[in-house]
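*Asks:* I'd like to ask you about the structure that follows.
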Amino acid sequence: LILNASQITVGGAYQNWILLAMEDITERYVIEKKKDDFIAIASHEMKTPITVVKGNLQLLERMLEKGDMEGYKPRLRQSMDSMENLNRLISNLLDTSILTSGSTNKTSEVIKVIDIIDTPLAQVGEVYKSHDFVLYGDTDLEILGNKDQLSQVITNLLINAAKYSKDSKQVVMHVGRVGNFAKISVTDTGIGIAKENHKRVFDRFYRVSGNDNNYFGAGIGLYISQQIVADHGGTIWVESEIGEGSVFSITLPLSK
Ligand code: ADP
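Heads up, the sequence shown is in full-length UniProt numbering, so the first residue is 246 and it goes up one at a time.
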């Protein structure tokens, strides 16, 4: 068989077209599959706090009817915590769908590091009242970024530090300058993460096995955080040892 140059070109282009079409179908299948998993996990995770609150409301109603309100406070507290968990889950889900649809509101402005820390610290401190949150370092460093998205990252890191801490109740935040970056780290002395899972905790839906039943969550907080930080030209990583605690750090480019 002898082909001339033009036949080879046509054949090559046709082959490429088939390959592209196949890649497109596979990619669409993978995205659809991820979406299905996502919806299944998200709805499952939403049921947990709803069940807790519903049970508590029924109990409180019976207590009111009997005129015996003994022990109502922990029930109320538990319900409020569950609502906060649900709130966070929904924020993360919204962020995920915004990120995957590519339509993030990317308005950036010059902000001080404290601007992305103070609200999350107050809000998380309100939920985890028995924890001690300590902040030190140069919180006036200026970065260029989206305040809402970066606050979401800090909220996720603070909640994880408090949530995966068991009996050790101190969470320390440090802000410092490293070259042209601001580095923010969140340190806890909680359950820790084994080395082989240090990278995987940033994968979508990944949760360290064994934790699933003890701690509420859907495994998307760190995934979202990584996307947001990368979008800002920064990095996120963890240093941790089982039983010793974890240090989650992010770097964000300074504005000048
Ligand atoms: P979620 O907490 O909702 O499961 P994340 O994406 O925030 O999802 O975290 C993924 C997993 O990483 C968690 O399920 C947990 O196993 C682990 N993890 C995250 N933060 C910590 C921490 N500070 N200490 C120990 N384990 C953590």
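Don't be surprised by glycine CBs; every beta carbon is placed ideally from N, CA and C.
#1: Return helix, strand or coil for THR496, following the three-state DSSP convention.
#2: For a minimum of 3 consecutive residues, which ranges assigned as the beta strand (DSSP E) are wholly contained in the stretch 449-483?
#3: Strictly closer than 7 Å from CB to any heavy atom of the ligand ADP: give me those residues in the order they appear in the chain.
#4: In this structure, what does DSSP give as the bridge partners for GLY488?
#5: Three or more C-beta pairs under 8 Å: does that hold for the stretch 475-487 against the stretch 362-376?
#6: Helix, strand or coil for MET418, going by three-state DSSP, please let me know.
#7: Can you tell me whether DSSP reads THR386 as helix, strand or coil?
#8: Over the uninterrupted beta strand (DSSP E) stretch that includes residue 535, give me the two end residues.
#9: Locate the alpha helix (DSSP H) running through VAL372, then write down its first and last residues.
#10: Check each candidate in LEU321, LYS357, GLN471, THR400 and name the one with the smallest Cα separation from ASN301.
#11: Determine the DSSP secondary structure at TYR409, reduced to helix, strand or coil.
#12: With 8 Å as the threshold, decide whether the Cβ of ASN425 is near any Cβ in chain B.
#13: Where does TYR409 land, buried or exposed, given buried means 16+ other C-beta within 10 angstroms?
#14: For the candidate residues ASP393, ILE481, ASP360, LYS411, whose alpha-carbon lies nearest to that of LEU386?
#15: When you compare each of ALA406, GLU277, ILE362, LEU339 to ILE388 by their alpha carbons, which one comes out closest?
*Replies:* To lay it out plainly:
#1: Secondary structure of THR496 (DSSP, three-state): strand.
#2: You should have found no qualifying run.
#3: ASN401, ASN405, ALA406, LYS408, TYR409, ASP433, GLY435, ILE436, GLY437, ILE438, VAL446, TYR451, ARG452, VAL453, ASN456, TYR460, GLY462, ALA463, GLY464, ILE465, GLY466, LEU467, TYR468, SER485, SER491, PHE493
#4: According to DSSP, GLY488 bridges with nothing at all.
#5: no
#6: strand
#7: Inspection of the sequence shows that residue 386 is occupied by Leu rather than by Thr. In this structure, DSSP gives LEU386 a state outside helix and strand, which the three-state scheme calls coil.
#8: With the chain covering 246 to 501 only, the question about residue 535 has no answer from this structure.
#9: 358-372
#10: LEU321
#11: Residue state, collapsed to three classes: coil.
#12: Protein chains in the displayed structure number just one, and chain B is not present.
#13: Its Cβ being crowded by 16 or more others within 10 Å, TYR409 is buried.
#14: With distances taken between Cα atoms, LEU386 lies closest to ASP360.
#15: ILE362
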